[in-house]
Amino acid sequence: MPRSYPPTHPHTVLRINVMGEDEVLNHRLMQMGILPGTELTVVRSGAFGGPVELAADLGQSIAMRKSDLQSIHWDVVALPLSAVQRVSPPDWRVLRLAGGRRFQQHFRQMGIVAGVEFTLMGLAPIRIRIASTSVHVGRGEAERLIVEPVRVTT
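Converting from the sequence shown to the numbering used here requires adding 25 to each position, the first position being numbered 1.
Below is the structure:
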């Protein structure tokens, strides 16, 4: 069964679980120090299924075809709120705000800062609940609000 593509929205953070079956691609990535456990951040994605530019922790920037991305087993660590496709899991944490000074001031006034946990209430329009306050987030704002799912430990 073919694997689905990982999300390729800018600011999405992907962690490699298992390298793919393509030995040439694996060798190329390993020579650059990109091994299982490495986190890569999507910088930009080409139009019409073109290559995806990824930035590694060590400062490397690489371009990969989407078919190469599909062959690698990934975990999505963080992604823009606009890339979230379903309300489950409902609990999320703000990882960072990828906007300028005014954007960050605006969100700080609403109580949305890095580390704050919130509940995702709806996707169209995007509604979140922080403490007991319900906040509507615009699509453009959601593209710059980088979130990660809250892991429930039992």
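Just so you know, even glycine gets a beta-carbon here, dropped at the ideal spot from N, CA and C.
Query	Result
Extent of the continuous beta strand (DSSP E) to which His98 belongs	98 to 105
N- and C-terminal bounds of the alpha helix (DSSP H) containing Glu48	48 to 56
Rounded separation between Ala80 and Thr158 - CA only	36 Å
Of the listed residues Ile171, Leu39, Gly84, Leu94, nearest to Gly140 (C-alpha basis)	Ile171
Under the three-state DSSP convention, the category Ala123 falls into	coil
For Leu60, the three-state DSSP class (helix, strand or coil)	coil
Delimiting residues of the alpha helix (DSSP H) encompassing Arg164	164 to 168
Distance, Arg127 Cα to Pro31 Cα	31 Å
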